[in-house]
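Below: the structure, in structure tokens.
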Amino acid sequence: MKKIGLKRAKEEEDEQKKQSVCEQVLTFNMSPAEEEEGDEDVSDSEESVYSGLEESGSDSEDEPSANQQEGRVLNEEVEQLEERVLNEEEAEQREDEYEKDSSDEEDIRNTVGNVPMDWYKDFPHIGYDLEGRRIYKPIRNKDELDQFLDKMENPEFWRTVCDQQTGSDVVLSEDQLELIKRLQRGQFGDVSFNEYQPSVEFFSREVMIHPVTNRPSDKRSFIPSLTEKDKVSKMVHAIKMGWIKPRRVEDDSRGRYYDLWTNEDSSSILNKHRMHLPAPKLRLPGHEESYNPPPEYLLTEEERALWEQQDPSDRKLPFVPTKFSSLRHVPAFSRFIHERFERCLDLYLCPRQRKLRVNVNPEDLIPKLPKPRDLLPFPTTQSLVYRGHSGLVRSISVSPSGQWLASGSDDGSVRFWEVCSARCVRTVQTGGAVKSVAWNPNPAFCLLAVALDSVVLILAPSLADGHVTSSSERLLKSQQEAEPSEGVSCNWVETKGEELNQWIRLKIGHPKVVHQVTWHSKGDYLASVMPDHSSHLQVLIHQLSRRRSQNPFSRNKGLVQNVSFHPLRPYFFVATQRSVRVYNLLKQQLTKKLQANAKWVSSMAVHPTGDHVICGSYDCRLSWFDLDLSTKPYRMLRHHKKAVRGVAYHRGYPLFASASDDGSVIVCHGTVYSDLLQNPLIVPVKVLRGHVITQDLGVLDVTFHPSQPWLFSSGADGTVRLYT
Amino acid sequence: MSQLQARFFTEDKRYVVDNVPFSIPAASQVQDLSNVINKLLEAKNASHSNLEFDFLVRGQFLRTSLSTHMETENISTEEVVEIEYVERITAPEPEECMMHDDWISSVHANDEWILTGSYDKTARIWSVEGKAVMTVAGHADAVKDVSWGKRDGLSSVLLTASLDQTVLLWEWNSEKNKVKARHCCRGHTGSVDTVSVDPTGTKFCSGSWDKMLKIWSAVPTDEADEEEEEEAADRPRKKQKTQQLGLTRTPLMTFSGHNEAVSSVLWSDNEEVCSASWDHTIRLWDAETGSMKSTLTGSKVFNCISYSPLCRRLASGSSDRHVRLWDPRTKDGSLVLLSLTSHTGWVTAVKWAPSHEHQLVSGSLDHLVKLWDTRSCKAPLYDLAAHEDKVFCLDWTETGLMLSGGADNKLYTYKYSACQTDEGA
């Protein structure tokens, strides 16, 4: 096949050679149409190669056609013919020129020739006619108004232009407008001109097997040129002599491109603004995005239902992973635009400002406190529940031996419990809501003070040894006659009969409702509180052995909430609504006034050393005062959600607790150091829950066991609970 | 590791199998092993009836599959495993429920009779069948502890300790069913919480809230000890009462050393008294000289202790949820051998099995009585959930009767049969 092909190609080439010679000669005799017809039997390549020659060679087309057969004449004849034709043609063109020439008449109005028109600017005329008369400009006295009216009324106004040459207005014709438009668009003025007429490439990138010329190379292209040698030797000589300097090499050490702002100082504005924020990166696709994800990535029915219910912003994945058997089945990604848009938003909305975030480990901000585990023992779990009261239990107190617990309730009873078994051993019906109970702290007595209504009862439950019982009896009987002193109207009544069987031994009548009773540590003195704004008679101190009552304060300093004796020294703490006053009982003067920083103090407890006081307040706070340190609280604890009702210190262990209306008791560790320079260590260690909140009241009182790290709490749900 | 080499052995002569190693599946449970033993026994003895067995691997009860157990106990699976098997301890069967009028504070039983103390100030005598025999009334306050004394034919001595700070010594004639208060033991200045008679029955020891331990003679005599003067003068009313109840007796000896109330006392042998207290210590005293021999220190208040002469260990219940085992012979004290944790409240009573060295029973404020085997310390063998309120007292007789009383006024007895079968072990 190849051979045949080659052979055929060769034959064709031979024919081409012959024809090309002929055609060069005969072109003029052929009309283009005929040319094409004649070319039809020739191969395509031939046409493409020579078509350019044909056209470039043809000067005119309107020649009478000639026969192809006639082309086969001698060269001479052809030349003659050619000359003749050319002559004829030239003659024709000259005749046409003379016929049509009308350049003079055309521009008859402008007779001044090619001179700048502004020469005639100040004249009423432009040029002169043949008779030497002035040719006047058209009168142009249109003012703005005329122009405007013209613009409005004349539909031709937009195509009217002023002819500079004559100064007259010319309305442009459609053709002219078309011409202008074409020129404005950058097109040729002539509509018929085809600027994209097919060009004929004479030389193409395709290498032909036949050269354009077959001339052998000249000899001179093989021998070195003497002229060049002469030139080079001259230049070499010139360089040697130093007449020519070699071209200066550009210094590239700084680099062709260099940082203009390298030496900029750091404080300049530019430097401040320059920063690079990398664009937020896209998450790399995972298995979910796969066209054939592992089955665990496919959503189940419920997951899919959930996905559809979810808000688009809440969805974990913005699409549902779908499985296709092959990549061909994957449809077009419908969210493409959306996703691109979101990506653009990400880039666009990414923060342009670098925020300086202080990287502080939150752990570091927490003060170093010992772990609660190291501070054992403290009460951790609820062990016993003392049930029996039907009303809320307002107050509890533990006997100094730690065997008995007394509780006073709104149901009018005082109950005595065995601590270790939660057994109620005594029940005393008092006949009024019990506000406060207090066990005599002296282990030599077994007495309980109970405050209800406007009476303070002294109970002697025979729950101790005979010695103790008898010594309490002695204390109660020692002074028979009461000494009403300084106008304090307190009547001491010894009980008889039925009440004696109820272990009630003494009744101390008060003028007002008693809210709290508390004992001095020796067990002889008893203080009772009757809060009243208007009166100076709010606190009474009773001496049991002499049956004497006295009012220590002659002036009213606010609503007294709570009082307490100093455990070791003759001091007396009085908590009013906002402050705690410390009085020296011997000197009978105010020693200190502690600012509680609270709105309403509810309770107060004095540390067994007497140097520290804690105050609970109705605004959920617990404040610890170090009496040696300041009159301001050393520490405020805001752990409770609701009002703090009761606070207590442990007598032996470094523990204190607070009870609150939110139903919880919070136990804190509070080590006090004898070293004056070291501040107390206060660590909250445990939240104890268990009480049920009833009528918005939670835990009402809290107290510690005297020897064990146990905590008792009484609540509005009528129970007393023991935590160990 | 699907198969293990195991060799089975037992100390029970009735169920001995050949001493050859068997290949058993590592995942086998107790039931599977039990079946294996039963098959072997059947092959040996045609008349053998199916029994449930329990298995011990290195002294620990098997409770999970064999492989997991060996993994947790770090036993090599390469060697032949020695597996001991015992007949499964059957659950104690509840027998009787004896209703009281008030909370039961204490119980003590001998072979025939049960003595209970109650918060209604009385003690009661019951037969083991659950029949009320006698009510012993005389105390002015709740009875906190009771104990049988020496038994002499038909008459037996019984002791009741009370919140009214006295211990009463009674003599009871079981035939005539008459009880007589022989002595009123006065001397404590706090409620007497615990009383214990020595093994010979001649002395008893009492512990009180006043932190003292006192040794008294447990033998009823006809003469009264001298009484302190002041007491008689101060409280004539009380004196009259006590005079009616028998002759006053004063302590032979007083041990002081505890810093808090004494909660439990017992005789570990004829000369040694062991006492537990709220001051977090267990102290051992020489009853002859009255000196303290050693102290075991815990971290919580002790509510009760029990001593087993078989394994010579002390078990204690504290105001937390653990039962702790102590070795009283260690000199340096505070060594807890084992903690048994499953209760959720204070452990108020513990009692060792009188005839089994590994078993004990504990009662707690969480209303449960639990039966333990020290070889399976992770979980109790059985929970006895009969009580509806706090459990205060427990006892376990030689005849295999377990008793528990509590705040629901009920005394439950359980028949516990496994003791006898293990006696041979």
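Quick note, the sequences are listed as chains A and B, same order.
Just so we're on the same page, this note's numbering is the position in the first sequence counted from 1, plus 6.
Just so we're on the same page, this note's numbering is the position in the second sequence counted from 1, plus 1182.
Note that beta-carbon positions come from the ideal geometry of N, C-alpha and C, so glycine has one too.
Keep in mind that this is a model prediction, so the values were computed, not measured.
7 Å Cβ cut-off: residues of chain A touching residue i
| i | result |
| --- | --- |
| E1442 of chain B | S713 |
| S1501 of chain B | S389, T730 |
| Q1541 of chain B | The contacting residues do not exist; Q1541 of chain B stays about 27 Å from chain A at best. |
| Q1187 of chain B | The contacting residues do not exist; Q1187 of chain B stays about 42 Å from chain A at best. |
| Q1347 of chain B | D471 |
Proximity to residue i [Cα-Cα], best of the options
| i | options | result |
| --- | --- | --- |
| E1234 of chain B | B:E1269, B:K1226, B:S1288 | B:E1269 |
| L482 of chain A | A:A455, A:D668, A:F662 | A:A455 |
| T1371 of chain B | B:A1343, B:F1574, B:L1478, B:P1381 | B:A1343 |
| L596 of chain A | A:R587, A:L546, A:S419 | A:R587 |
| Y354 of chain A | A:A439, A:S389, A:K287, A:V520 | A:K287 |
| V1263 of chain B | B:V1239, B:N1256, B:L1566 | B:V1239 |
| K1533 of chain B | B:D1392, B:E1405, B:L1223, B:L1492 | B:L1492 |
Proximal residues of chain B, C-beta to C-beta of residue i below 9 Å
| i | result |
| --- | --- |
| L390 of chain A | G1527, W1528, L1547, K1572 |
Cβ shell of residue i (< 6 Å), same chain only, five flanking positions each side left out
| i | result |
| --- | --- |
| V1529 of chain B | G1499, V1505, S1544, S1546 |
| P299 of chain A | H293, P327 |
| L1496 of chain B | I1487, Y1489, W1508, P1510 |
| N1292 of chain B | W1330 |
| A1319 of chain B | T1304 |
| H656 of chain A | F710 |
| W1554 of chain B | L1522, L1542, P1562 |
| E1580 of chain B | P1536 |
| G564 of chain A | T582, Q583 |
| R1189 of chain B | P1203, V1262, E1264 |
| K605 of chain A | D625 |
Residue i, DSSP secondary structure in three states
| i | result |
| --- | --- |
| S477 of chain A | helix |
| Y589 of chain A | strand |
| R1333 of chain B | strand |
| A1497 of chain B | strand |
| F163 of chain A | helix |
| L59 of chain A | At L59 of chain A the pLDDT is 41, less than 50, meaning the model places this residue with poor confidence; the figure from the coordinates comes in the next sentence. Here L59 of chain A sits in helix by DSSP. |
| W606 of chain A | coil |
| M1252 of chain B | helix |
| Q153 of chain A | helix |
| K1592 of chain B | strand |
In DSSP terms, what residue i is bridged to
| i | result |
| --- | --- |
| Y134 of chain A | A:R140 |
| D1577 of chain B | B:L1585 |
| W1308 of chain B | B:I1296, B:A1314 |
| C356 of chain A | According to DSSP, which records beta bridges pairwise, C356 of chain A is partnered with nothing at all. |
| S570 of chain A | A:F579 |
| N497 of chain A | A:G515 |
| M642 of chain A | A:S629 |
| R1431 of chain B | B:C1367 |
Cutoff 8 Å; reference residue i; Cβ partners in own chain excluding five residues on either side
| i | result |
| --- | --- |
| V475 of chain A | Here residue 475 of chain A turns out to be Thr, not Val, going by the sequence shown. If we look at T475 of chain A and ignore the five residues flanking it on each side, its Cβ neighbours are C452, A466, S468. |
| S1521 of chain B | H1504, V1505, R1506, L1507, C1559 |
| V336 of chain A | Y297, F330 |
| P1402 of chain B | V1339, L1351, E1353, R1364, H1365 |
Within chain A, the residues that residue i reaches when beta carbons sit closer than 9 Å
| i | result |
| --- | --- |
| W1534 of chain B | What W1534 of chain B touches in chain A: nothing, since even the nearest Cβ is about 23 Å away. |
| V1483 of chain B | C426, Q714, W716, T730 |
| W1449 of chain B | None at all; the shortest Cβ gap to chain A is about 23 Å. |
| W1460 of chain B | G408, C426, S713, Q714 |
Residue i: contacting residues in chain B (beta-carbon distance under 7 Å)
| i | result |
| --- | --- |
| R429 of chain A | W1285, Y1301 |
| H473 of chain A | T1371 |
| Q508 of chain A | Result: empty, since nearest Cβ-Cβ is about 17 Å, beyond 7 Å. |
Closer than 6 Å: residue i CB and nearest the ligand FMN heavy atom
| i | result |
| --- | --- |
| Y1489 of chain B | Looking for the ligand FMN in the displayed structure turns up nothing, as the structure carries no ligands at all. |
Sequence-distant residues of its chain with Cβ nearer than 7 Å to residue i (five each side left out)
| i | result |
| --- | --- |
| E1277 of chain B | T1595, Y1596, K1597 |
Amino acids of chain B, ordered along the chain, whose beta-carbon sits closer than 8 Å to that of residue i
| i | result |
| --- | --- |
| Q409 of chain A | G1372, S1373, W1391, A1443 |
Within chain A, the residues that residue i reaches when beta carbons sit closer than 8 Å
| i | result |
| --- | --- |
| Q1213 of chain B | Within chain A, no residue comes near Q1213 of chain B; the closest Cβ sits about 37 Å away, beyond 8 Å. |
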